[in-house]
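In this note's numbering, the protein residues as written are 1 to 357.
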């Protein structure tokens, strides 16, 4: 009897502890859940966002492209004939004017031939004079006069030929420009394939670039552009002066060239150019940041701040720049649009504005 009583008391004690633990723990768990749910509701209730008040401003439609600076004129200088170089008159890296004598090939043999021919000219002219005088007295035939005239003309032609050959031994600048590094020395044998130096005209300088097929018809002679180069903070303005006659078959792009005066010589051929082609300018455009637009089922919408809530508005867009999109319909001056957190917003969402952009 004592044994049964003992085990009965133990069982009653276990049940009492279990019941006490159940009621003790349940309220605590419910309280934590309730606090967590309330905290979640409070956090979710108001979303902090950035906003922007719409103000009409100048909007420029630009096409960003890359290109290179190329010289206005450039040529590898070489002689038209072969021979030993006797003189080099230019300094490397110097500016030379058109027609400046740059180098000379040995022309001693040609000079000797020229002197011999020039020495025959007085006698040939005298023969023509005498034959003309005799013809007036009918002492000679007209044919005899024509023969000596022909001999004088042939002599003068030979002289011009030698003079032309002498000119070929002279290397002269074909245009104004900066001459590069010398590739030969005095005493070297030069031929028409021997490059003496490079001559480059950098005033003006050209900007060469390609545009995609869809822009090809928009780029014409006179189109204005702006460009920048590495290592220079200035923005330079240039103008298109020519385009290729047809699209490049493989890339379907149009090759374009513009010209910049470069009067100060601050730009050099070969530099990389970051180009902005201006197509049109809209004086009082309604334009908003691109991140404010939310595409949805083939439409574009923007969230407008009204009475502390996010109100979605369908918009029709126009041109796009790198950072902005023109709005043709749906918004007006003075509207406050939301520019951050747009993917979390829903119609009627409570929002507070943290920053005005």
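Every residue gets a Cβ at the ideal spot worked out from N, C-alpha and C, and that includes glycine.
Worksheet entry | Own chain, CB closer than 8 Å to residue 162, minus 5 neighbours either side, in chain order | 110, 113, 114 and 117
Item to complete: Taking only the alpha-carbon atoms, compute the straight-line gap between residue 28 and residue 317 and give it to the nearest angstrom.
Response: With a pLDDT of only 48 at residue 28, under the threshold of 50, the placement of this residue in the model should not be trusted; the figure read from the coordinates follows. Distance between the alpha carbons of residue 28 and residue 317 is about 55 Å.
Worksheet item: Quick one: what does DSSP say residue 156 is sitting in, helix, strand or coil?
Response: helix
Discussion item. So, for residue 52: in the same chain, excluding its five sequence neighbours on each side, which residues have a beta-carbon less than 6 Å away from its beta-carbon?
Written reply: 337, 339 and 357
Fill in: Contact check, residue 173 vs residue 99, beta carbons under 8 Å
yes
Practice prompt. Compare the beta carbon distance of residue 155 and residue 120 with 8 Å and say whether it is the shorter of the two.
Written response: yes
Item to complete: Grab the span of the alpha helix (DSSP H) containing residue 125 for me, first residue to last.
Response: 108–136
Practice prompt. Taking residue 200 and residue 74 to be in contact with their CB atoms under 8 Å, please state how far apart those CB atoms are, rounded to whole angstroms.
Written response: 5 Å
Worksheet item: Is residue 207 closer than 8 Å to residue 258 when the C-beta atoms are compared?
Response: yes
Discussion item. Here's the rule: buried if 16 or more other CB atoms are within 10 angstroms of the residue's CB, otherwise exposed. What is residue 107?
Written reply: buried
Practice prompt. Pull up the distance between the alpha-carbon of residue 347 and that of residue 279, whole angstroms please.
Written response: 37 Å
Discussion item. Tell me the residue span of the beta strand (DSSP E) that contains residue 286.
Written reply: Element bounds for residue 286: n/a, residue is neither H nor E.
Fill in: Test item: CB-CB of residue 95 and residue 192 under 8 Å
no
Worksheet item: For residue 312 versus residue 303, is the C-beta spacing smaller than 8 Å?
Response: yes
Item to complete: Go through its chain and collect everything with a Cβ distance to residue 218's Cβ below 7 Å, but skip five positions before and after it.
Response: 279
Worksheet item: Counting Cβ pairs, one atom from each stretch, are 3 or more of them under 8 Å apart for the region 54–71 and the region 139–155?
Response: no
Item to complete: Find the nearest neighbour of residue 261 within the set 248, 249, 300 and 203, judged by alpha-carbon distance.
Response: 203
Item to complete: Could you work out which residue in 344, 127, 334 and 188 is closest to residue 57 when comparing CA atoms only?
Response: 334
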